[in-house]
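Asks: Per the numbering used here: the sequence shown = residues 200 to 634. Just so it is clear, CB atoms sit at the ideal spot from N, CA and C, and this is done for glycine as well. This is the structure I have questions about; it appears just below.
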Amino acid sequence: MTPLSWLSIARLGLVQMALGSVVVLTTATMNRVMVVELALPAILPGLLVSLYYGTQFLRPRFGHGADQGGRRTPWIIGGIALLAAGALGAALSVGVMESSLWAGIAVAIPSFLLIGLGIGSAGTNLLALLASRVSEGRQAPAGSLVWIMMIFGLAVTGITAGILLDPYSHSRLVAVTFGVCAVALALACIGVWGQEGAAAGPVKSRRQAAFREVTRELWGDPRVRVFTVFVFASMLAYNLQDLILEPFAGHVFGLTVGESTRLGGMHHAGALAGMLIVLLSGTLLARWVTVPVRVWIVGGCVLSGLSLIGLAWGGARAPDWPLAGNIFTLGLANGTFAVAAIGAMMSLAREGGDGREGVRMGLFGAAQAIAFGAGSFIGTAMVDIMRWLTSADATAYGAVFTFEGFVFLIAAALAMRLTAPGADNQNQTAMMPGE
Numbered sequence: 200m201t202p203l204s205w206l207s208i209a210r211l212g213l214v215q216m217a218l219g220s221v222v223v224l225t226t227a228t229m230n231r232v233m234v235v236e237l238a239l240p241a242i243l244p245g246l247l248v249s250l251y252y253g254t255q256f257l258r259p260r261f262g263h264g265a266d267q268g269g270r271r272t273p274w275i276i277g278g279i280a281l282l283a284a285g286a287l288g289a290a291l292s293v294g295v296m297e298s299s300l301w302a303g304i305a306v307a308i309p310s311f312l313l314i315g316l317g318i319g320s321a322g323t324n325l326l327a328l329l330a331s332r333v334s335e336g337r338q339a340p341a342g343s344l345v346w347i348m349m350i351f352g353l354a355v356t357g358i359t360a361g362i363l364l365d366p367y368s369h370s371r372l373v374a375v376t377f378g379v380c381a382v383a384l385a386l387a388c389i390g391v392w393g394q395e396g397a398a399a400g401p402v403k404s405r406r407q408a409a410f411r412e413v414t415r416e417l418w419g420d421p422r423v424r425v426f427t428v429f430v431f432a433s434m435l436a437y438n439l440q441d442l443i444l445e446p447f448a449g450h451v452f453g454l455t456v457g458e459s460t461r462l463g464g465m466h467h468a469g470a471l472a473g474m475l476i477v478l479l480s481g482t483l484l485a486r487w488v489t490v491p492v493r494v495w496i497v498g499g500c501v502l503s504g505l506s507l508i509g510l511a512w513g514g515a516r517a518p519d520w521p522l523a524g525n526i527f528t529l530g531l532a533n534g535t536f537a538v539a540a541i542g543a544m545m546s547l548a549r550e551g552g553d554g555r556e557g558v559r560m561g562l563f564g565a566a567q568a569i570a571f572g573a574g575s576f577i578g579t580a581m582v583d584i585m586r587w588l589t590s591a592d593a594t595a596y597g598a599v600f601t602f603e604g605f606v607f608l609i610a611a612a613l614a615m616r617l618t619a620p621g622a623d624n625q626n627q628t629a630m631m632p633g634e
């Protein structure tokens with residue numbers, strides 16, 4: 200089958216853009232409305248978001264279902280439709296909460312479950328489709344492109360929805376959510392239409408393989424197992440910092456809300472720069488320099504770890520430490536390793552040509568999603584515990600950042616195990632043979 204062109208890869212990026220556009224409304228806008236406008240405890244949206252993270256263990260099942268049927272398009276479009284239905288239900292639940300909290304929660308719970316199921320189905324099979332159709336050497340740049348498009352979708356939706364939601368009302372929230380979901384579904388259809396070509400058709404032996412049998416066989420492969428652990432460790436470290444960077448800036452450096460928000464923007468700007476560097480290295484600059492994916496992964500993890508240890512060191516030297524530069528460097532390292540890891544996922548998912556890209560990608564995606572959910576909770580809990588144990592905020596946050604930094608260094612060591620000696624001349628991740 201002919202590999203995807205860059206235009207086709209960009210079209211599939213529209214699906215990732217659609218996912219990000221809908222999710223930002225549920226995790227940011229609706230979260231804020233519950234906590235601020237309705238004056239509800241912050242733990243409520245936190246628990247609701249954890250519900251959709253909790254569904255992500257089903258990702259391997261979604262991938263296996265598409266592997267068995269030989270088609271991914273229905274799983275992607277169906278997933279976006281489930282996500283849209285869940286987002287609309289979540290928007291409606293916010294209005295119900297104002298008059299009856301428990302009735303609103305009763306509407307919100309199945310809605311957030313639908314959001315999780317939709318993300319799992321569409322996201323897993325989108326990456327599996329990319330894995331099976333993107334040519335060797337393009338995995339990391341392709342991962343960069345679709346993730347940059349997702350960030351663009353997040354930004355555009357956030358700005359547009361922010362304008363349309365003023366002055367706020369529950370009915371306006373539902374209307375804006377409906378509009379975003381309609382656009383997202385249209386983008387997803389444009390993105391996948393005709394991308395798979397003729398139905399591949401299920402292989403008879405593949406049909407006879409039970410899901411449990413397939414997952415047991417894949418988990419027995421040392422390369423799959425080590426890579427899954429690497430994904431969990433690196434993404435856990437990545438998200439441990441997410442909810443504590445801005446509080447750290449306020450408690451230790453005395454920054455205002457606006458200043459700490461701009462600091463968060465520096466982190467996102469750094470991440471975007473890292474993704475662009477990986478994209479350019481695999482496209483425009485590939486003629487002059489070839490950087491193996493493993494270099495981006497290991498280098499990004501090491502620089503992320505050192506940047507976090509730098510934050511721990513700098514907190515004790517506030518306000519003289521160059522905090523903005525440190526945060527930008529952290530974002531740069533995060534963005535670099537994250538999209539390179541997506542490229543490595545695609546490389547390993549397609550390995551063997553056995554039609555199991557979906558279940559492999561499901562294993563990696565589940566590890567990533569569970570790590571994200573756990574990281575948000577563990578990072579904040581560790582800060583609370585350390586601030587209770589010590590009266591010095593710099594020491595409390597520093598201890599957590601140091602822990603996160605070492606987790607990144609462990610992830611770098613795991614990534615080194617994933618690459619074979621002599622792979623430096625290949626712009627792909629070469630997995631070690633099973634030992």
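1) My assumption, with CB atoms under 8 Å, is that A593 sits in contact with A515. Please give the rounded CB distance.
2) Where does the unbroken alpha helix (DSSP H) through M581 begin, and where does it stop?
3) Does the separation of the CB atoms of G262 and G561 fall below 8 Å?
4) Name the two residues that bound the continuous alpha helix (DSSP H) containing F452.
5) Quick one, are the C-beta atoms of G342 and V538 less than 8 Å apart?
6) Which residues mark the beginning and the end of the alpha helix (DSSP H) in which D266 is found?
7) Report yes or no: do three or more beta-carbon pairs, one from the segment 208-223 and one from the segment 339-357, lie closer than 8 Å?
8) Pull up the CB-CB distance for L462 and I526, whole angstroms please, since I reckon it's below 8 Å.
9) Compute the distance between the beta-carbons of V391 and S220, then report whether it is under 8 Å.
10) Going by C-alpha to C-alpha distance, which of E416, N230, A570, A330 sits closest to E550?
11) Taking Cβ to Cβ, would you say L522 is nearer than 8 Å to A448?
12) Of the choices N324, L313, L257, E297, whose alpha-carbon is the least far from that of G268?
13) Select from A307, R371, S370, I318 the residue whose C-alpha is nearest the C-alpha of A383.
14) Does DSSP put R231 in a helix, in a strand, or in coil?
15) Check whether the segment 291-305 and the segment 223-238 touch, using three or more Cβ-Cβ pairs below 8 Å as the test.
16) Taking the straight line between their C-alpha atoms, what separation do you get for F563 and A570?
17) Between the alpha carbons of D645 and Y437, how many angstroms are there, rounded?
18) Hey, could you find the ends of the alpha helix (DSSP H) Y596 is sitting in?
19) Span of the alpha helix (DSSP H) holding S298?
20) Are the Cβ atoms of Q255 and A565 separated by less than 8 Å?
21) In whole angstroms, give me the CA-to-CA distance for A636 and E297.
22) On the criterion of 16 or more Cβ atoms from any shown chain inside 10 Å, does D365 qualify as buried, or is it exposed?
23) Run the proximity test for M560: is its beta-carbon closer than 7 Å to any non-hydrogen atom belonging to the ligand MG?
24) Just to confirm the assignment, what range does the alpha helix (DSSP H) spanning G499 have?
25) Which of the three DSSP states, helix, strand or coil, is assigned to T225?
26) Alpha carbons only, please: which of W205, G554, L316, P202 is nearest the one belonging to G253?
27) Taking C-beta to C-beta, are I304 and L250 nearer than 8 Å?
28) Go to G390, then tell me how far its alpha helix (DSSP H) extends in each direction, as first and last residue.
29) Looking only at its own chain, which residues have a Cβ that is under 6 Å from the Cβ of R555, when we skip the five neighbours before and after it?
30) Whose C-beta lies closer than 7 Å to the C-beta of W205 among residues of the same chain, with five residues either side of it excluded?
31) Go to S546, then tell me how far its alpha helix (DSSP H) extends in each direction, as first and last residue.
32) Decide if G457 is buried, meaning its Cβ has at least 16 other Cβ atoms within 10 Å, or exposed.
33) Suppose the cutoff is 7 Å on Cβ atoms and the five residues either side in sequence are ignored; what does the same chain contact list for A327 look like?
34) Which stretch, first to last residue, makes up the alpha helix (DSSP H) that contains G419?
Replies: Short version:
1) For the purposes of this step, residue 593 is taken as the residue at position 394 of the sequence shown. For the purposes of this step, residue 515 is taken as the residue at position 316 of the sequence shown. Between A515 and A593 the Cβ distance is about 5 Å, and since that is below 8 Å, they are a contact.
2) On the sequence shown, residue 581 is found 382 positions in, with the first residue counted as 1. Run containing M581: 556-588, per the alpha helix (DSSP H) assignment.
3) Locating residue 262 in the sequence shown gives position 63, counting from the first residue. Locating residue 561 in the sequence shown gives position 362, counting from the first residue. Closer than 8 Å, so yes.
4) Taking the first residue of the sequence shown as position 1, residue 452 is located at position 253. Segment 444-452, the alpha helix (DSSP H) holding F452.
5) Your numbering for residue 342 matches position 143 in the sequence shown. Your numbering for residue 538 matches position 339 in the sequence shown. Closer than 8 Å, so yes.
6) As a working note, residue 266 is residue 67 in the sequence shown. It spans 258-268 - the alpha helix (DSSP H) in which D266 sits, taken as one unbroken run.
7) yes
8) As a working note, residue 462 is residue 263 in the sequence shown. As a working note, residue 526 is residue 327 in the sequence shown. The Cβ separation is near 6 Å, so the contact holds.
9) Working through the sequence shown from its first residue, we reach residue 391 at position 192. Working through the sequence shown from its first residue, we reach residue 220 at position 21. Their beta carbons are not under 8 Å apart, which means V391 does not touch S220 by this criterion.
10) By 1-based counting over the sequence shown, the position of residue 550 is 351. Residue A330 is the option with its Cα nearest to E550.
11) Along the sequence shown, read from residue 1 onward, the residue named residue 522 stands at position 323. Along the sequence shown, read from residue 1 onward, the residue named residue 448 stands at position 249. A contact, by the Cβ cut-off of 8 Å.
12) As a first step, residue 268 must be located in the sequence shown, where it is residue number 69. Among N324, L313, L257, E297, the Cα nearest to that of G268 is on N324.
13) As a position in the sequence shown, residue 383 is number 184, starting the count at 1. Comparing Cα-Cα distances from A383 to each of A307, R371, S370, I318, the minimum goes to I318.
14) The residue labelled residue 231 in the question sits at position 32 within the sequence shown. R231 falls in the helix class under three-state DSSP.
15) yes
16) If you number the sequence shown from 1, residue 563 lands on position 364. If you number the sequence shown from 1, residue 570 lands on position 371. If you take the alpha carbons of F563 and A570, they lie about 11 Å apart.
17) Past the edges of the chain, shown from 200 to 634, lies residue 645, and the structure says nothing about it.
18) Start at 1 with the first residue of the sequence shown, and residue 596 comes out as number 397. It spans 592-616 - the alpha helix (DSSP H) in which Y596 sits, taken as one unbroken run.
19) Counting from 1 along the sequence shown, the entry for residue 298 is found at position 99. 272-298 is the extent of the alpha helix (DSSP H) around S298.
20) Counting from 1 along the sequence shown, the entry for residue 255 is found at position 56. Counting from 1 along the sequence shown, the entry for residue 565 is found at position 366. Taking 8 Å as the Cβ cut-off, Q255 and A565 qualify as a contacting pair.
21) Here the chain comprises residues numbered 200 to 634, so residue 636 is not present and cannot be evaluated.
22) Reading the sequence shown from its first residue, position 166 is the one you call residue 365. It counts as exposed.
23) In the structure shown, the ligand MG is absent, as is every other ligand, since no ligand is present at all.
24) Start at 1 with the first residue of the sequence shown, and residue 499 comes out as number 300. Looking at the DSSP string, the run of the alpha helix (DSSP H) that includes G499 is 492-514.
25) Counting from one through the sequence shown, the residue named residue 225 turns up at place 26. In this structure, T225 counts as helix in the three-state DSSP scheme.
26) The residue given as residue 253 occupies position 54 in the sequence shown. Looking at the Cα atoms, L316 is the closest of the given residues.
27) For the purposes of this step, residue 304 is identified with residue 105 of the sequence shown, where counting begins at 1. For the purposes of this step, residue 250 is identified with residue 51 of the sequence shown, where counting begins at 1. Taking 8 Å as the Cβ cut-off, I304 and L250 do not qualify as a contacting pair.
28) Position 191 of the sequence shown holds residue 390. Counting along the chain, the alpha helix (DSSP H) containing G390 begins and ends at 369-391.
29) In the sequence shown, the residue the question calls residue 555 occupies position 356. Only D266 meet the Cβ criterion.
30) In the sequence shown, residue 205 corresponds to position 6, counting from 1. Cβ neighbours of W205 beyond the five flanking positions: none.
31) In the sequence shown, counting from the first residue as 1, residue 546 sits at position 347. That run of the alpha helix (DSSP H) goes 522-548.
32) Translated into the one-based positions of the sequence shown, residue 457 becomes position 258. G457 is exposed by the Cβ-count criterion.
33) Numbered from its first residue, the sequence shown carries residue 327 at position 128. Closer than 7 Å at the Cβ level, and outside the excluded window around A327, lie G262, A265, R271, A548, E556, G557, M560.
34) Your numbering for residue 419 matches position 220 in the sequence shown. G419 -> no alpha helix (DSSP H), and no H or E assigned at all.
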